[in-house]
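Peer 1: Dropping the structure in here first, questions after.
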C-alpha cells in the first residue's frame with residue numbers, strides 16, 4: 001500500500017515551475033535521449049574501429065548537416081545531464097540547500113551550459 | 001526495511017555517476033591535447049589495455065546508470081502493471097544487448 005499512497009503523478013502543465021524545477025525536468029528528458037543514443041554510440045564506435053574505410057565513412061557521416069543536428073542534440077543532452085547531475089550530487093552533500101543558493105546554482109548551470117554550447121557550436125560550424 | 005527499499009538504486013545511481021564523470025573528464029582532457037586524429041592512432045589508443053578496461057567500465061556503469069534512470073521514469077509515468085512490466089523487460093534486454101555489443105567490439109579490436 002505504501003507504494004500507491006505516495007504522490008506519483010504531477011500535472012506538469014498546471015504547475016509554474018521555478019528554474020530548479022525546469023532544469024530538473026530537462027535532466028530527465030536529456031537522460032532519456034542519452035539512453036536512446038546508446039546503440040548509436042556503439043554503432044559509430046564499431047564502425048570507427050573496423051577498418052580505415054569505415055573510419056572515413058564515420059568522419060564523412062559526421063560532416064552531414066542532419067547528423068550535425070543530432071550530434072549537437074546528444075552533446076547538449078550530455079552537458080545538461082552532467083551539469084545538473086553534478087548539482088544534484090552537491091545537493092546530496094548538503095551544499096546549495098538554502099532557497100537562494102538552490103536558485104543561483106540552478107542559474108549557474110544554465111549559464112555554464114550556454115557558454116559551453118556556444119563554444120561547441122562555433123567549433124562545429126566555423 | 002520498507003524505508004530502505006529505494007536506497008540501493010539511489011546509491012548505485014550516484015556511484016556510477018561519479019565514474020561516468022571521471023571518465024568524461026579524462027576523455028575531454030586527453031583529447032583536447034590531440035589535434036591530429038587518424039584511424040591508426042585512434043585504434044591504437046582505444047585498444048591499449050588500460051583504455052579497453054576504462055571503456056569497458058564506462059559502458060558497464062553507463063548501462064547500470066541508464067537502467068536505474070529509465071526504471072525511475074517508467075515507474076513514475078507508466079501505471080498499468082502489464083505495460084510497465086513489458087517496458088521494463090524491453091529496457092533490460094536493450095541494455096544487456098548493448099553490453100554484448102560492446103564486448104563484440106572489444107573482441108574485434110583485439111583480433
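Residue numbers (my numbering), protein chains in the order written: chain A, 1 to 126; chain B, 1 to 111. All residues carry an ideal CB built from backbone N, CA and C; glycine is no exception. Fair warning: this is a prediction, and the values are worked out from it, not measured in the lab.
#1: Does residue 30(B) get closer than 9 Å to chain A when you measure Cβ to Cβ?
#2: Identify every run of the alpha helix (DSSP H) within the stretch 19-96 of chain A, keeping only runs that are complete inside it and at least 4 residues long; order them along the chain.
#3: Report yes if the CB atom of residue 98(B) is closer than 9 Å to the CB atom of residue 57(B), and no otherwise.
#4: What separation, rounded to the nearest whole angstrom, lies between the Cα atoms of residue 76(A) and residue 28(B)?
#5: Would you say residue 35(A) reaches chain B, if we count a Cβ-Cβ gap shorter than 9 Å as a contact?
#6: What residues in the stretch 69-96 of chain B bring their beta carbon closer than 7 Å to a beta carbon of chain A?
#7: Taking contact to mean at least 3 C-beta pairs separated by less than 8 Å, is the stretch 9-29 of chain B in contact with the stretch 77-89 of chain A?
#8: Could you please give the first and the last residue of the uninterrupted alpha helix (DSSP H) stretch that includes residue 80(B)?
#9: Determine, using beta carbons only, whether residue 22(B) and residue 32(A) come nearer to each other than 9 Å.
#10: Put residue 111(B) into one of helix, strand or coil per three-state DSSP.
#11: For residue 98(A), report the span of its alpha helix (DSSP H) as first-last.
#12: Determine, using beta carbons only, whether residue 61(B) comes closer than 9 Å to chain A.
#13: Should residue 72(A) be flagged as near chain B, meaning a C-beta pair shorter than 9 Å?
Peer 2: For this structure:
#1: No, no contact with chain A.
#2: Listed in chain order, the complete alpha helix (DSSP H) runs (minimum 4 residues) inside the stretch 19-96 of chain A are 19-50, 52-62 and 65-92.
#3: In this structure, residue 98(B) lies away from residue 57(B), with their beta-carbon atoms at least 9 Å apart.
#4: Answer to the nearest angstrom: the Cα atoms are 15 Å apart.
#5: Put simply, the CB of residue 35(A) is near chain B, with a gap under 9 Å to one of its CB atoms.
#6: Of all residues in the stretch 69-96 of chain B, only 69, 70, 73 and 76 place a beta-carbon less than 7 Å from a beta-carbon of chain A.
#7: With a cut-off of 8 Å, the stretch 77-89 of chain A and the stretch 9-29 of chain B count as touching, because enough Cβ pairs lie within range.
#8: No alpha helix (DSSP H) contains residue 80(B), which DSSP labels as neither H nor E.
#9: No, they are not a contact pair.
#10: Residue 111(B) falls in the coil class under three-state DSSP.
#11: Per DSSP, residue 98(A) belongs to no alpha helix (DSSP H) and is neither H nor E.
#12: So, not an interface residue.
#13: Chain B places no beta carbon closer than 9 Å to that of residue 72(A), leaving this residue out of the contacts.
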